[in-house]
Amino acid sequence: MEDPLRRALLLFALQNAVKHQSIPKAGTVIGMVMGKYPELKPRAREATTLIKEVIDEVTALTPAERADRLCSLAPELVEEMSRPREHAKALPTLEKAENGVVMRFAPN
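Residues 301 to 408 in our numbering are what the sequence shown spells out, letter by letter.
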């Protein structure tokens, strides 16, 4: 059975490499793994040693092989990359501002 930390590092390293069409960045991949899987945070020190092996493994693959391997291991990550992100541009309402906001600017 494969180690869940190594598998998560591999999946996110592949996703990062495919998304940016370059070599994955170690800090970014570890941050993504720790954000998605908080139960792996106690193993963060181990992740820093494992990430070097994983990045070497991903770097050895061609860009087409990276995409194929990511599709076979985690198609949901490929789908997530192709979906456009929606950003909410709305500001929250201000408390006690029913009649508007009055601002004063210094006269200097």
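Cβ atoms here follow ideal geometry from the backbone N, Cα and C, with glycine treated the same way. Owing to the predicted nature of the structure, the values given are computational and were not obtained by experimental measurement.
Identity of the residue in T349, T359, L370, A388 nearest F312 by Cα: Counted from its first residue, the sequence shown places residue 312 at position 12. Selected option, being the one with the closest Cα: L370.
Neighbour-count burial assignment, A390, 16 or more Cβ in a 10 Å radius: Position 90 of the sequence shown, counted from the first residue, corresponds to residue 390. Exposed, since its Cβ has fewer than 16 Cβ neighbours within 10 Å.
V354 and A317 closer than 8 Å at C-beta: In the sequence shown, residue 354 corresponds to position 54, counting from 1. In the sequence shown, residue 317 corresponds to position 17, counting from 1. For V354 and A317, no; Cβs fall outside 8 Å.
Buried versus exposed call for A364 [16 or more other C-beta atoms within 10 Å across all chains shown]: Reading the sequence shown from its first residue, position 64 is the one you call residue 364. It counts as exposed.
Backbone secondary structure at V401 - three-state DSSP: Residue numbering aside, residue 401 sits at position 101 when the sequence shown is read from its first letter. It is coil, neither helix nor strand.
M403 Cβ short of 7 Å to the ligand COA heavy atom set: Of the ligands one can find in the structure shown there are none, so the ligand COA has no counterpart to examine.
The alpha helix (DSSP H) enclosing L373, as first and last residue numbers: Here residue 373 refers to the residue found at position 73 of the sequence shown. Unbroken alpha helix (DSSP H) run through L373: 363–373.
Span separating the alpha-carbon of L314 from that of H387: For this step, residue 314 is matched to residue 14 along the sequence shown. For this step, residue 387 is matched to residue 87 along the sequence shown. Whole-angstrom Cα-Cα distance: 25 Å.
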